[in-house]
Amino acid sequence: MPRQDRVTELLHAWSAGDERALEDLIPVVHDELSRLARRKMAHERPGQTLQPTALVNEAYLRLMDVKRLQWQDRAHFYAIAARVMRRILVDRARRRGARKRGDDVQLLHIDEADVVPAKPSYDLLALDEALDTLETLDPRKARVIELRFFTGLTVEESAVALGVSPETVKRDWRLAKAWLQAQLAVKET
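Just so you know, we're using my numbering here: the sequence shown kicks off at 1309 and counts up by one.
Next up, the structure:
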C-alpha cells in the first residue's frame, strides 16, 4: 500500500478510536514531521534550545490530545501538525518576550523563490499576527499559506486538502503572499 494511503488509513482508524493505529502511525509519519520541524527550526534564532526532535515530540503530545477530530487524510494531518508546530514556536517566542523589535527576533522567509520583499525576513510573531488577521478576512487563503509555507505541501496536495482546484490554490497563494508581504512591511515601518 502506498505510504499516503497507509497514513490516511491509520488516521481514519485512529479517529474511530483505535489506539493501536496511533502507535502504527507514528513511525510512518515521523520522517515527514521531522522534516517539517527542521524546516521550522531553520528559521529560529541561533542558539535556540529547542531542537527539531523536541518540537516533533511536543507536537506528538499535542496531537495525541486531539479528541473528536475526524482526520480526513494525510494532507489534513500534516496541515494540523504544521499548525501545532507553529503554535508551539509562537508560544515559546511569546514566553521569551520576543515582541521587542531587535531583541530576540525570529526571522522567517516567506518564499524566497516567489516573493521579493523589501526586507526578506520577518519576525515569527508578526507573521503569526498577520496570519491571524488574514484568517478573519479570508480563511482559505490563510489555510493555503499554512499548507504551502508551514507544511510544505505541493499545490496539488493543498488543493486536495482544501477541496479546491490547483488553480485556486495558486491564485490564493499568490494573493495571500502579496497581502502578507504588505502587512509585514507596514509593521516594519
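Glycine included, every Cβ here is placed at the ideal spot set by N, Cα and C.
Query - Best match in Ala1367, Arg1394 and His1320 for proximity to His1338 [C-alpha to C-alpha] - result: Ala1367
Taking 6 Å as the limit between beta carbons, can you name the residues of its chain near Phe1458, skipping five residues before and five after? Ala1390 and Arg1394
CA-CA distance, Thr1476 and Glu1454?
15 Å
Exposed or buried, which one is Glu1464 when buried takes at least 16 other CB atoms within 10 Å?
exposed
Just how far apart, CA to CA, sit Val1472 and Asp1381? 15 Å
Sequence-distant residues of its chain with Cβ nearer than 7 Å to Lys1449 (five each side left out):
Leu1442, Asp1480, Leu1483 and Ala1484
query: Three-state secondary structure (DSSP) at Leu1358?
result: coil
* Asked: Excluding five sequence neighbours on each side, which residues of the same chain lie with their C-beta closer than 8 Å to the C-beta of Leu1333?
  -> Val1315, Leu1318, Leu1319 and Trp1322
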